[in-house]
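Numbering (the numbering used here), first residue to last: 3 to 700.
What follows is a single structure, written as structure tokens, with notes after it.
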Ligand code: MOS
């Protein structure tokens, strides 16, 4: 008998393992799981943007049908806000509800009304009378505010080498431009929702989040509980990308479940998400580039300013992208922050890189045009051999391979570089390109792999599949690591009882979880190879990648990509339509081409949305968002999206056991710049403020 060797599963297209459950409705999301005796909480939000709560008239709300309790700063339990949270810093105190009478922004939670039904809770919350002592507020964001100051965030605020002004003065060609991006809001399909209950002395929370153990850890610290007394589950998550961390609704649900000793569910409405889910800060960025006539950079300066709240410093590190992309004799970057009476911004897909690459990659395109050099050739001339700021070697950097392949497929060689000369009826046609990059990292994770007595395998890890296809990718990873077909592997995720794990964030989730699964599976195979008998409860091996990751050599670790766009600009309406887009990425080994393509196309769609549609309006009078819903806040719809082609070049990460780098975020990076550069090529006009709306084009 001949034995056919098993073909690897990694690299083959595989539909989602939970796809059938999702499309048949069998997959239940956080707000859909039934509980006996379930009560419903509704958050009442402040109508003023700054001040203090003078009085709450709770008696009339408590007298309304079905109302069980009203929680507010006068009766809520004191919680711990001084602890160390994710990334080693004290967390945003916005999640620590009802701790004082201060109101730091419009839409701040001032009370939770709990009732038998969601409708009763909502009616009472909307009828709740709150008296405020209002103070003048300030939500006016601009770059030239004297109170803008450098703030580190998760990277140093300022980097610098060389004499900037001298190199600019010595440059034959200079670009000095200001770019702005607007406030952008998270709108995952599934709104934030949590149900909390006490179950035999343990706090049990069903939630929609990007990391069950993250929320477990945060709730344990906030409520001063032993982590083992808290269980958080989030098997299915309908979108996240930065907004689904520890937030007001989980804390509200726990407070109410504790006060009432009943399960309590708190769901945010789409409107409430505009002040409670976090947003991407607006940015104003100044980029100065100085080059020799051949395009070689002598000077690069990238300065960014973003807003944050008065209660937490959140940095949108837009200038960080320049620290990786291009070197120059004088190289200076800075991230500044202005504190305003607004909700704290948060991570949104490629925080920093997405707005940062819009500015930097637009400026590089402007420089290429001024030098009379093809923008791809100009980038090739400025490829650094090491990290421009760190000086560290790149683990791998295949940016030029992406441009080469992209240019070939897009037909870039035939491009007439002159702007504003191609017409199709009443439309001007143009093409543009931009580079992408995103940090490629991994975080410590644990996993357990069990060989079951029936010959199947069960993997348990507290991963969160926010719609990325992570669970399916992990199934393929485990199958290869165990040398079995994927249908013999079941992957269980979204349960903090599975042990510490990386969050679904920073494009690091799948890679981090895959690493821990690979380690556990390898050890299990060794044990099975020794001929171990499998007892009824199976044989389980656990792994922890903390030490392996700590031993990794210091390198610049990034994914790269090349984005191409063709646009048609209607000269009568000012409407910009993207006609086609192509993205070629060097983003590590691709685990599942089917869901990987989804991810990368999804990022590019978000980039189209960022370039042409998205922009929240913050009203200076009220301090809140106008049009805080999907009618007022435009995101790209199907009809806005053309054919998008995505592919990748071979780029396995040399230090990852599977070769993964992570693909969650890179698809959005550079997409808006490629479109803006194409709009310039079509019209001859530079658009340095997003979104490129018809009224700005005309
Ligand atoms: Mo992503 S912005 O790290 O969820």
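Where is the CB? At the ideal position from N, CA and C, for every residue including glycine.
* Write down the C-beta distance between residue 638 and residue 677 rounded to the nearest angstrom, noting that I regard them as a contact closer than 8 Å. => With a Cβ gap of about 11 Å, residue 638 and residue 677 do not count as contacting.
* To do: Taking only heavy atoms of the ligand MOS into account, decide whether any of them is closer than 8 Å to the Cβ of residue 216.
  => no
* **Residues surrounding the ligand MOS [beta-carbon distance to nearest heavy atom under 7 Å]** => 212, 242, 243, 244, 349, 350, 351, 352, 353, 506, 507, 508, 509, 666, 667
* **Cut-off 6 Å between Cβ atoms - residues of its own chain near residue 361, not counting five sequence neighbours on either side** => 181, 287, 289
* Asked: Should residue 616 go down as buried or exposed, given a rule of 16 or more other Cβ atoms within 10 Å for buried?
  -> buried
* If residue 1 sits next to residue 569, beta carbons under 8 Å apart, how far is it from one beta carbon to the other, in whole angstroms? -> Nothing can be reported for residue 1: it is not among the residues displayed for the chain, which extend from 3 to 700.
* To do: Would you mind reading off the limits of the alpha helix (DSSP H) that contains residue 611?
  => 595-614
* So, are the CB atoms of residue 292 and residue 192 less than 9 Å apart? -> no
* Can you give me the start and stop residues for the alpha helix (DSSP H) that residue 518 sits inside? => 511-531
* Compare the Cα-Cα distances from residue 195 to each of 508, 76, 309, 44 and report the closest residue. => 44
* Asked: Is it true that the CB of residue 464 sits closer than 9 Å to the CB of residue 498?
  -> yes
* Note down the Cα distance separating residue 40 from residue 258, rounded to an integer number of angstroms. => 11 Å
* Can you list, in chain order, the stretches of the alpha helix (DSSP H) that have 4 or more residues and sit fully within the stretch 43-104? -> 60-64
* Asked: Would the C-beta of residue 81 count as close to the ligand FMN, meaning under 8 Å from any of its heavy atoms?
  -> Absent from the structure shown: the ligand FMN. Ligands present: the ligand MOS.
* Asked: Should residue 553 be labelled buried (16 or more other beta-carbon atoms within 10 Å of its own) or exposed?
  -> exposed
* Asked: How long is the line joining the alpha carbons of residue 142 and residue 444, rounded to whole angstroms?
  -> 38 Å
* **Proximity winner among 453, 410, 153, relative to residue 314 (alpha-carbon distances)** => 153
* What are the boundary residues of the alpha helix (DSSP H) that includes residue 358? -> 355-373
* Which stretch, first to last residue, makes up the beta strand (DSSP E) that contains residue 287? -> 285-293
* To do: Examine the Cβ distances between the stretch 646-656 and the stretch 579-590 and report whether three or more of them are shorter than 8 Å.
  => yes
* Assign residue 265 to one of two classes, buried (16 or more other C-beta atoms within 10 Å of its C-beta) or exposed (fewer than that). => buried
* Going by CA-CA distance only, name the one from 75, 436, 109 that's closest to residue 102. => 75
* To do: Output the residue ranges of the alpha helix (DSSP H) runs that lie fully inside the stretch 401-447 and measure 4 residues or longer, sorted by chain position.
  => 401-412
* Asked: Which parts of the stretch 149-207 are runs of the alpha helix (DSSP H), unbroken and 4 residues or longer, counting only runs that do not cross its ends?
  -> 166-171
* Asked: Which residue from 420, 397, 625, 434 puts its Cα closest to that of residue 412?
  -> 434
* Taking only runs that begin and end inside the stretch 453-503, name each unbroken beta strand (DSSP E) of 3 or more residues, in chain order. => 459-462, 491-494
* Is the stretch 122-133 close to the stretch 50-62, with three or more CB pairs under 8 Å? -> yes
* In terms of DSSP beta bridges, what is residue 558 paired with? -> 396
* What separation, rounded to the nearest whole angstrom, lies between the Cα atoms of residue 410 and residue 319? -> 33 Å
* To do: State the Cα-Cα distance for the pair residue 607 and residue 51, rounded to the nearest angstrom.
  => 33 Å
* Asked: Hey, would you say residue 129 sits closer than 9 Å to residue 114, going by beta carbons?
  -> no
* Please go through the same chain and pick out, in chain order, the residues whose beta-carbon is closer than 8 Å to the beta-carbon of residue 217, but skip the five residues on each side of it. => 207, 209, 211, 234, 236, 247, 248, 252, 498
* To do: Could you tell me the distance, in whole angstroms, from the CA atom of residue 529 to the CA atom of residue 516?
  => 20 Å
* Asked: In three-state DSSP terms, what is residue 251?
  -> helix
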